[in-house]
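Residue numbers (my numbering), protein chains in the order written: chain A, 3 to 124; chain D, 54 to 364.
From the three backbone atoms N, C-alpha and C, an ideal C-beta is built for every residue, glycine too.
No experiment lies behind these values; they were computed from the predicted model shown.
First comes the structure, then the notes that go with it.
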């Protein structure tokens, strides 16, 4: 049965296609939103012995999450804030709430050549 | 390593890479009358089986189970089997740290159980992975009996003075190991009364010499420690941490790093970071192994034979 012989059906299929397209578009948008929520500027990923991003800007009162994606444990050490996280094994995370504005340099306790910075604004 | 290969003006990356061509190759390494030499394993190996000898293993990382080596218990067991099969029982075994991966009680338990089966006296120093819990007490309670500070000590055996140092407690900002003032003072006093002809063997986890600064592969105050050992005619420094064999001779001091019993790490500067290096299936055991150190007489050779598990 061809579309030419069944104009009514053609119209319905086009509508269905469009509806489906809209649905797919909606799903993509939803995934996009989910990604953006997870990466809302409060997360630092550890990979290949580096903090990504190495510099994170947040507002006071923000809780920052570090996630270790390496095969080797890492920790977060920030002496001015007396932060010394537990060693995070692969895929483990650590969170810390930055209360006051300031520039905070931190390192990995096991590999102090790994440097990161959190800049907290009021 | 012939005298010509020795880089006396300092350490550069090209020199390391040149040394790295030996990684994975079993070789005999000896110091005779202050002149260090090394030869590939072969006829020389037989010559080093007599006399006083001991074994070094390192970086067992018990508890590590990632793709680079899903079974670190099995590879440690295999290394210990190789030790048991050596011709002529070694006097003792040294483990140069990172016995465990995360300092967990179960990981230490497995280590004690496996190494206990070797029926050898075990001398250890901690790696940074062994002091992750309870400020290092979980290590010291098991392996640090009779030691000082964070676990340093010395002892005499076979006419050699052995010194175990701890350089993983206060890692420096650039990642380098550190011995600290208290330990350095102790070291100075420890060797003061010894005659200059006493062979010295120093062992610590992080290399005492600067291997690769970007990855923290060196000890910030290692040079000061070595300055206390200047008067001795034969000084051998054994380290782990970098999971590959590197050797270097400077004057009368011979430096040597051991393979891991768990997983290899990349050559300095050849990867983004010093993480576990996954190698093709079936090749892992070429990168893991044990080292045997022999003293043929107190006047001459100290020889090190590195043996990959797959040898």
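Under the 7 angstroms criterion on CB atoms, residue 271(D) is classed as non-interfacial with respect to chain A. Only those residues of the stretch 314-330 of chain D whose C-beta falls short of 7 angstroms from the nearest C-beta of chain A are listed: 325, 326, 327, 328 and 329. For residue 183(D), there are no C-beta contacts with chain A under 9 angstroms, since the nearest C-beta of that chain is about 11 angstroms from it.
According to the DSSP assignment, residue 68(A) belongs to the beta strand (DSSP E) that extends over 64-70.
Only those residues of the stretch 206-239 of chain D whose C-beta falls short of 7 angstroms from the nearest C-beta of chain A are listed: 224, 225, 226, 227 and 228. Residue 168(D): member of the alpha helix (DSSP H) spanning 158-170, first to last residue.
At least one beta carbon of chain A lies nearer than 7 angstroms to the beta carbon of residue 119(D). In summary, no residue of the stretch 126-141 of chain D has a CB separated from any CB of chain A by less than 7 angstroms.
One alpha carbon belongs to residue 117(D), the other to residue 125(D), and they sit about 6 angstroms apart. Here DSSP, grouped into helix, strand and coil, assigns residue 225(D) to coil. DSSP, reduced to helix, strand and coil, places residue 239(D) within a helical segment of the structure shown. Residue environment for residue 317(D): buried (at least 16 other C-beta atoms within 10 angstroms of its C-beta). At a cut-off of 3 residues, the continuous stretches assigned as beta strand (DSSP E) that sit fully inside the stretch 275-320 of chain D are 288-292, 299-303 and 306-310. When only Cα atoms are considered, residue 146(D) and residue 108(D) end up about 5 angstroms apart.
Residue 340(D) carries a coil assignment under DSSP once its states are collapsed to helix, strand and coil. Note: residue 345(D) is bridge-paired with 108(D) and 358(D) in the DSSP secondary-structure output.
Residues of chain D with a Cβ closer than 7 angstroms to the Cβ of residue 73(A) are, in chain order, 119, 121, 328 and 329. Taking the CA atoms as reference points, residue 230(D) sits about 19 angstroms from residue 254(D). Residue 287(D) counts as buried, since no fewer than 16 other beta carbons sit within 10 angstroms of its beta carbon. At least one CB of chain D lies nearer than 7 angstroms to the CB of residue 112(A). Across the structure, residue 188(D) and residue 221(D) are spaced so that their CA atoms are roughly 12 angstroms apart. Only those residues of the stretch 139-172 of chain D whose C-beta falls short of 7 angstroms from the nearest C-beta of chain A are listed: 155.
According to the DSSP assignment, residue 132(D) belongs to no beta strand (DSSP E) but to the alpha helix (DSSP H) extending over 125-137. In the DSSP assignment, residue 215(D) falls within the unbroken beta strand (DSSP E) covering 213-217.
In the three-state reduction of the DSSP assignment, residue 220(D) falls in the coil class, being assigned neither a helical nor a strand state. With a threshold of 7 angstroms between beta carbons, residue 50(A) makes contact with chain D.
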